[in-house]
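Asks: Heads up: the sequence shown at position 133 corresponds to 157 in our numbering, and the numbers run straight through without jumps.
For each residue, glycine too, the CB sits at the ideal point set by N, CA and C.
Got a structure here, written out as structure tokens. Questions coming.
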Amino acid sequence: MEKIIDEKQQGNSLVMEPQSGNGKKLMIESYGCQMNFSDSEIVASILAKEGFNTTQSLEEADLVLINTCSIRDKAEQTVRKRLEKYNAVKKINPGMKVGVLGCMAERLKAKFLEEEKIVDLVVGPDAYKDLPNLINEVEEGRNAVNVILSKDETYGDISPVRLQSNGVSAFVSITRGCDNMCTFCVVPFTRGRERSRDPQSILEEVNDLAAKGFKEITLLGQNVDSYLWYGGGLKKDFKNASEIQKATATNFAGLLKLVAEAHPKMRIRFSTSNPQDMTLDVIETMAKYPNICRYIHLPVQSGSDRILKEMNRLHTREEYFELIDNIRKLMPDCAISQDMITGFPTETEEDHQDTLSLMEYVKYDFGFMFAYSERPGTMAARKLKDDVPEEVKKRRLTEIVNLQQEHSHYRTKQFLGKTVEVLIEKESKKSNLHWSGRTTQNTVAVFPKENYKVGDFVNVKINDCTSATLIGEAVGYSENN
Ligand code: SAM
């Protein structure tokens, strides 16, 4: 999820429909956030045009691309380990070329080639259209690097191939980069400044997905609420736009309305929201259209005003509560999830207690919680000492994870005895006799298969639950079918 894609999917290699090609096989593995998985689909689309077919077997690959994440040190270590594995295979198949894509490529640039001798190709998130040229360079025996960040690249003109898709839900990227400059975060450095994609190209992609039978889309961006299309260019340059550009600009609420009205039966999700940018008109638009899912991922990172300030999160605890209250007022059934960081520099026990009390107030449906990991080059790394001992970070993390578990269970229990609409996505991991899908609140529900199939909208009566899963039985198709 992300937010962070399901742990079990991390590193999955992705495959597309076979096609006649140049006889070369590409293996592409993705780590990190949903954006990376979505970017890998763009990369696959660019290379499919060059005649590449995909494979899931490293031994079979002519080109291996690894789409990387830099968000925490652990994410980078995972990639380094994977490169060791590639190295072993390269000894057997010296012709195999290895490319590093994404945030780690952008962060380390040409240094990657020195540090990891097996890497032939280093490509940042805004340079994927250059891949065919770069691959030619590599084939001619030279290493190739392109880590130029762009002012206007949104890949809006590329229709992504869907990799390892269930044919039911798909990601649609709407913004790239981030301008928020949270002091802990490496994203503005690895993904560049924020820019939005043309709403027409977004709509065309959604139309295409609908025509192919997809039932759910997730609009993706590092900070979707900040979406602003005024004819192209960086968000920060909007102030210099002409009067006509300003008057005809589309914001996130406008985009949601456009997509929701064009496809009233399509479930629409989005991620990630930033509290400082989420405006009332977004909540009102959600409330107005039942096909916009009742779920907001609303990272807060800390419940302490002092720490929020140190993190350069541009809102207070009170303002966050106000936002939560507004969401609950307009959509009482809306699920809310969080991201939290424990052990940010200078965090005291009192700050930590503020985080716990904020969680008590919101009672999130679920959450993604992390111990602070200092990232080179960020403002926090430059200005603040990473002074919370590792065991304290871990202990605080355990406390918030345990509290979240209680709240998640509290939330799932509210569904007991109720009948909810579930979109079937796949077979349950635990039983081949059960389907697994999600409610509009993004909660996983499992139930006996009967004659239903993947992609059906089914009403499910909930009889039991764990903290993460609703367990029930189908009582018929929903109206949305
Ligand atoms: N753009 C989103 C936002 O600002 O809320 C999410 C960006 S990030 C890909 C996902 C999550 O990773 C963040 O919300 C944060 O909780 C976590 N994260 C980011 N930098 C981190 C760091 N240096 N140490 C630990 N966790 C971090």
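Check for me: the beta strand (DSSP E) holding Ile116 runs from which residue to which?
Replies: Within the sequence shown, numbered from 1, the residue matching residue 116 stands at position 92. Not the beta strand (DSSP E): Ile116 falls in the alpha helix (DSSP H), residues 97-116.
Asks: Helix, strand or coil for Glu474? Go by DSSP, reduced to three states.
Replies: Taking the first residue of the sequence shown as 1, we reach residue 474 at position 450. In the structure shown, Glu474 sits in coil (DSSP, three-state: anything other than H, G, I, E or B).
Asks: By how many angstroms is the C-alpha of Ser455 removed from the C-alpha of Cys57?
Replies: Position 33 of the sequence shown, counted from the first residue, corresponds to residue 57. Position 431 of the sequence shown, counted from the first residue, corresponds to residue 455. Each residue's alpha carbon lies about 28 Å from the other.
Asks: Drop a sphere of 10 angstroms on the beta-carbon of Gly47, count the other beta-carbons inside from all chains shown, and report buried for 16 or more, exposed for fewer.
Replies: Mapped onto the sequence shown, residue 47 falls at position 23. Exposed is the call here.
Asks: Should Thr490 be labelled buried (16 or more other beta-carbon atoms within 10 Å of its own) or exposed?
Replies: Taking the sequence shown and counting its residues from 1, one reaches residue 490 at position 466. Counting Cβ neighbours within 10 Å, Thr490 comes out exposed, since fewer than 16 surround it.
Asks: Nearest CA to the CA of Tyr254: which residue from Leu244, Gln246, Asn275?
Replies: Position 230 of the sequence shown, counting from 1, holds the residue named residue 254. The residue with the shortest Cα to Cα distance from Tyr254 is Asn275.
Asks: What does the alpha-carbon distance come out to for the pair Glu445 and Lys387?
Replies: Residue mapping note: residue 445 aligns to position 421 of the sequence shown, counting from 1. Residue mapping note: residue 387 aligns to position 363 of the sequence shown, counting from 1. Each residue's Cα considered, the two are about 23 Å apart.
Asks: From the DSSP output, in three-state form, read off Val210 for me.
Replies: For the purposes of this step, residue 210 is taken as residue 186 along the sequence shown, with counting starting at 1. Val210 falls in the coil class under three-state DSSP.
Asks: Within 10 angstroms of the Cβ of His433, are there 16 or more other Cβ atoms? Answer buried if so, exposed if not.
Replies: Working through the sequence shown from its first residue, we reach residue 433 at position 409. Exposed: under 16 other Cβ atoms inside 10 Å.
Asks: Say the cut is 8 Å; is the CB of Arg200 nearer than that to a heavy atom of the ligand SAM?
Replies: Counted from its first residue, the sequence shown places residue 200 at position 176. Checking every heavy atom of the ligand SAM against the Cβ of Arg200, none is found closer than 8 Å.
Asks: Taking the alpha carbon of Glu84 as the point to measure from, which residue in Ile95, Lys73, Ile116 has its own alpha carbon closest?
Replies: As a working note, residue 84 is residue 60 in the sequence shown. That would be Ile116, whose Cα lies nearest to the Cα of Glu84.
Asks: Report whether the distance from the Cβ of Glu398 to the nearest heavy atom of the ligand SAM is below 8 Å.
Replies: Here residue 398 refers to the residue found at position 374 of the sequence shown. Yes; taking the cut-off as 8 Å, the Cβ of Glu398 has a heavy atom of the ligand SAM nearer than that.
Asks: Determine the DSSP secondary structure at Met383, reduced to helix, strand or coil.
Replies: Along the sequence shown, one-based indexing puts residue 383 at 359. It is helical.
Asks: Distance, Cα to Cα, Val124 vs Leu145?
Replies: One-based indexing of the sequence shown puts residue 124 at position 100. One-based indexing of the sequence shown puts residue 145 at position 121. Each residue's Cα considered, the two are about 6 Å apart.
Asks: Taking 8 Å as the cut-off, is the C-beta of Ile495 nearer than that to any heavy atom in the ligand SAM?
Replies: Reading the sequence shown from its first residue, position 471 is the one you call residue 495. Ile495: no, Cβ never under 8 Å from the ligand SAM.
Asks: Expressed to the nearest angstrom, what Euclidean distance is found between the alpha-carbon atoms of Gly148 and Pro472?
Replies: Counted from its first residue, the sequence shown places residue 148 at position 124. Counted from its first residue, the sequence shown places residue 472 at position 448. So the two alpha carbons sit approximately 45 Å from each other.
Asks: Does the beta-carbon of Thr340 have 16 or more other beta-carbons within 10 angstroms, so that it is buried, or is it exposed?
Replies: What you label residue 340 is simply residue 316 of the sequence shown in a count that begins at 1. Exposed, because fewer than 16 other Cβ atoms sit within 10 Å of the Cβ of Thr340.
Asks: Quick check on Met25: does DSSP put it in helix, strand or coil?
Replies: Along the sequence shown, one-based indexing puts residue 25 at 1. Reliability fails at Met25, whose pLDDT of 33 lies under 50, so the model's placement of it is uncertain and the value that follows must be treated cautiously. Reduced to three states, the DSSP call for Met25 is coil.
Asks: With a CB to CB cut of under 6 Å and the five nearest residues on each side skipped, what residues in its chain are close to Glu26?
Replies: In the sequence shown, residue 26 corresponds to position 2, counting from 1. Bear in mind that the predicted position of Glu26 carries a pLDDT of just 34, short of 50, making it too unreliable to give a figure here.
Asks: Please confirm whether Ser197 and Arg221 have their CB atoms less than 9 Å apart.
Replies: For this step, residue 197 is matched to residue 173 along the sequence shown. For this step, residue 221 is matched to residue 197 along the sequence shown. Against a cut-off of 9 Å, the Cβ pair of Arg221 and Ser197 comes out as a contact.
Asks: Alpha carbon to alpha carbon, what distance is there between Lys437 and Gln429?
Replies: The residue labelled residue 429 in the question sits at position 405 within the sequence shown. The residue labelled residue 437 in the question sits at position 413 within the sequence shown. Distance between the alpha carbons of Gln429 and Lys437: 12 Å.
Asks: For Thr309 and Leu280, I'd like the C-alpha separation in whole angstroms.
Replies: Locating residue 309 in the sequence shown gives position 285, where the first residue counts as 1. Locating residue 280 in the sequence shown gives position 256, where the first residue counts as 1. Rounded to whole angstroms, Thr309 to Leu280 spans 7 Å at the Cα level.
Asks: Do Ser81 and Leu187 count as a contact pair if the criterion is CB distance below 9 Å?
Replies: Position 163 of the sequence shown, counted from the first residue, corresponds to residue 187. Position 57 of the sequence shown, counted from the first residue, corresponds to residue 81. Cβ distance not < 9 Å, so Leu187 and Ser81 don't count as in contact.
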